[in-house]
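Chains as they are written, first to last, in our numbering: chain A, 4 to 484; chain B, 131 to 617.
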């Protein structure tokens, strides 16, 4: 039987506000336990929440960025359950009236094998504001559990997709696109190690062609794209095997163990809580008016989709390249600065996605910390364009820039990397090469095209790479005719 | 003892004139508390050293000419208000070891006004009760008859004022917890419009209903206290941002032309005949002062008790979840695992009435019952508020009894929760609508027990209600009487 995978994602993004969603405590990561927990955060008797407007503005930005409906009146509810790192015994969240409903996200699913990469539009169900819980520290205290409430009350936006992904690759593409968007609009720092972007995946399988969904299992708290992919792949295999062996899938919440690469049951549907949601009487409904939304809108940067269209239009790059270049705002800004500096969009795109990205990857550096500035790369490309540098020489200059050896022209000068432009000098080299390689000349004349390339190679070698390959071709052809 | 029969304004005047110091005054009240509290049990915590230190600070303010209208006047605080450095128990074993590390907004305001605290008053556990019998620290006795209850939940506050152990006290009112004990103890008490007094630091029972207010012998005292207690607080999202009012401004206004609404439902069956007679006599008195009466109907108020006993427990069940033994308060001494710790801590830490309400609340919020109970109750709550809105088109203030009867004997209703709940029949509607209400003494029954008269006003009409009450108290002396045996 052929199976189809159905995936929907719930992503918890930590909002980049300085203070917590209902208190004035700092949200900075990594402080000593419980040093960023105020009376409100530890839920002393009598304390009350006060909503952080900054968190609401982050949610508004997100809603605008995905073309969603912003609910003009949205309501905070209490989700009641007992856990030691949940100080109030309830989490303040939004159930019935979330701030954001609907919206779409365009994803690029990379090609598998020889196929083309594919663009897809994923619909979002909703996004709602809520507070994070604290942390239970089970390892640090023998026979006891420590509670760190620094994270309690950190603002989150939970973003829920429709179950529209059909493979782990699509799920990862969606998660990446979402990650890119929330960091792009500045509402989340995107730091997955620190838990700023956590993914829950709802996974089910069904016989291909069947309309109803299969029973889903939810994989909780995946904090890397790789784990997301591995967890879904394992879960899908497990579900298919279970069904093919005549078993049934029970609705459940599972955890992914990166060490074993397997998912394991956390709780079954029967063990699921009744959260007894009801509107939080300590907080008024959140009212959004046009003026507030407009004010927030005016602070939004150009969005990736708009920028992709502009890159294709202004710089003549392909749709795929435009999507790659807008993978992050820092990358897009870098590309645009380089392209503007040299006036060569296509070439700039190739360099940014090629040489530069490779070097950055190798050095495990973020674009923001690139040793080669956009202006330097632009200057380098300009020197290719005006014929001063061949592509090969340009790579040597790039290495110089990377090492911090100075500016483009200074490196060309200091390392003698200027492309040979004196045709007299080149003609001399060509003649010497022809004289020294009579055999190749003979072969070429006998119809062996390969011999020509060998001659070009010899000339380039004799010029120590400084000859202009096009010019070499031209001269050789003229001499050999 | 004459000093202990003096109004707040007179006390303030004597303090300002240097005729008595705040320390001397506090000492007098502390002595009286020491003498009477063993019989009345109105206070959970008294700390003479702290009180006298605060009084000394007040004396310094007065000496420096920086005193306010009530600086140096001591006041007792319900043990529901977090008070920095004081045991703050909310009448519960659960918080029997909890020393608050911060001041409630209300406490801050009294401190800012230079008013020393005489101690923390007894109350029904987590403000759940109408007799003060649910307190972990024992029942409070009614100073008019110590075999009887003072009402609740602000029973300690009402009793200490009635016994003149404090010139005034703070209370809180979720379904009548200021007004009903005020009525049963023969004092004046006011529950303001919801949102007028900050709830920050006041341990939550039912957030959408809880409101703090003053309790004192007279309406004039309550007006002065309300001036101290009210004001916008950015720490409470339900606190109202409005201009500061002087609640004494209309006290002396004549009542000519005042339209008093008499809800027919409040004078129906179940009302004690002595209470009915006293309330009717009060109406006659007010008519003599120029008021007119009009019969009104609050038909949906008949549903107030069932609505209240869905909504208040629902909110309470969630508000009380934080008492889990993890971070502060009581924790069971022995337990097997986390769930056992929760179960034992809460089973041992909460009393029967609190548990009953947590269970009711959890039930009405649970999956499959929410629509039938909680949502339905919210709809009726709206209808009750609509009834009041319609009534205030025809009258300026609504008048009726505060409670259906007078103080009952200890234990009389403690085995029958529904009978107990009916004591709040007349007070709950104002909480559900968020309206201000007050109780003032209007006579005594055949047993010599005080009877309370309730006024309910439109939103923000506290000054008007205080005006009516003050004018009534100018021509009557019910509020000035204190229990004989304790004088």
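All C-beta atoms, glycine included, are put in the ideal place defined by N, C-alpha and C.
Check	Outcome
Between which two residues does the alpha helix (DSSP H) holding residue 187 of chain A run?	171 to 187
DSSP has residue 426 of chain B in a bridge; who is on the other side?	B:393
Looking only at its own chain, which residues have a Cβ that is under 8 Å from the Cβ of residue 379 of chain B, when we skip the five neighbours before and after it?	593
Does any CB atom of chain B fall closer than 8 Å to the CB of residue 281 of chain A?	yes
Please report whether the beta-carbon of residue 150 of chain A lies at a distance below 8 Å from any beta-carbon of chain B.	yes
Classify residue 505 of chain B as helix, strand or coil using the three-state DSSP reduction.	helix
What's the call for residue 613 of chain B, buried or exposed, on a 16-neighbour Cβ count within 10 Å?	buried
Specify, as a first and last residue, the run of the alpha helix (DSSP H) that residue 191 of chain A falls within.	Segment: none, residue 191 of chain A is in no alpha helix (DSSP H) and carries neither H nor E.
Please report the straight-line C-alpha distance between residue 129 of chain A and residue 279 of chain A, rounded to a whole angstrom.	21 Å
With three or more C-beta pairs closer than 8 Å as the rule, is the stretch 184 to 198 of chain B touching the stretch 298 to 307 of chain B?	no
Nearest-angstrom Cα distance between residue 67 of chain A and residue 36 of chain A?	36 Å
When the cut-off is 8 Å and only beta carbons count, does residue 445 of chain B lie next to chain A?	yes
Per DSSP, residue 259 of chain A forms a beta bridge with which residues?	A:266
Buried or exposed: which applies to residue 321 of chain A, given that a residue is buried once 16 or more other Cβ atoms fall within 10 Å of its Cβ?	exposed
Figure out for me which residue from A:18, A:153, A:112 has the closest Cα to the Cα of residue 34 of chain A.	A:153
Let me see if you follow: with CB-CB separation under 8 Å, is residue 367 of chain B close to chain A or not?	yes
Does the distance from the CB of residue 390 of chain A to the CB of residue 341 of chain A come in under 8 Å?	no
For residue 257 of chain B, which residues from the same chain have a beta carbon less than 7 Å from its beta carbon, with the 5 sequence-adjacent residues on both sides left out?	210, 283, 302, 304, 307, 335
Is residue 296 of chain B helix, strand or coil by DSSP?	coil
I need the boundaries of the alpha helix (DSSP H) containing residue 449 of chain B, first residue and last residue.	434 to 449
Grab the span of the alpha helix (DSSP H) containing residue 405 of chain B for me, first residue to last.	403 to 418
Quick one: is residue 136 of chain A near chain B, going by C-beta distance under 8 Å?	no
Output the residue ranges of the alpha helix (DSSP H) runs that lie fully inside the stretch 374 to 433 of chain A and measure 4 residues or longer, sorted by chain position.	377 to 388, 394 to 406, 411 to 418
Residue 470 of chain A bridges to which residues according to DSSP?	A:423
Of all Cβ atoms in chain A, is any one closer than 8 Å to the Cβ of residue 492 of chain B?	yes
Report, in whole angstroms, the separation of the C-beta atoms of residue 247 of chain B and residue 154 of chain B, which I expect to be a contact under 8 Å.	Rounded, the Cβ-Cβ distance is 17 Å, inconsistent with contact.
The alpha helix (DSSP H) that contains residue 346 of chain B, what's its start and end?	Not the alpha helix (DSSP H): residue 346 of chain B falls in the beta strand (DSSP E), residues 341 to 346.
My guess is that residue 393 of chain A and residue 471 of chain A are in contact by the Cβ rule of under 8 Å, so how many angstroms apart are they, rounded?	6 Å
If we ignore side chains and look at the alpha-carbon of each, how far apart do residue 474 of chain A and residue 387 of chain A end up?	15 Å
Keeping to the same chain, check which residues put their C-beta closer than 8 Å to that of residue 445 of chain B; ignore five residues upstream and five downstream.	334, 335, 336, 337, 338, 339, 491
Starting from the N-terminal side, write out each stretch of the alpha helix (DSSP H) that is 4 residues or longer and does not extend beyond the stretch 313 to 381 of chain B.	349 to 359
For residue 120 of chain A, which three-state DSSP category applies?	coil
Got a sec, what are the start and stop residues for the alpha helix (DSSP H) residue 238 of chain A sits in?	228 to 247
Thinking just about the alpha-carbon of each residue, which of B:467, B:328, B:606, B:239 is nearest to the one in residue 574 of chain B?	B:606
Is residue 400 of chain A near the ligand NAD, with its Cβ less than 7 Å from a heavy atom?	Only the bare structure without any ligand can be found here, which leaves the ligand NAD out of the picture.
Identify the contact partners of residue 287 of chain A in chain B, using a Cβ-Cβ distance below 8 Å as the criterion.	367, 368
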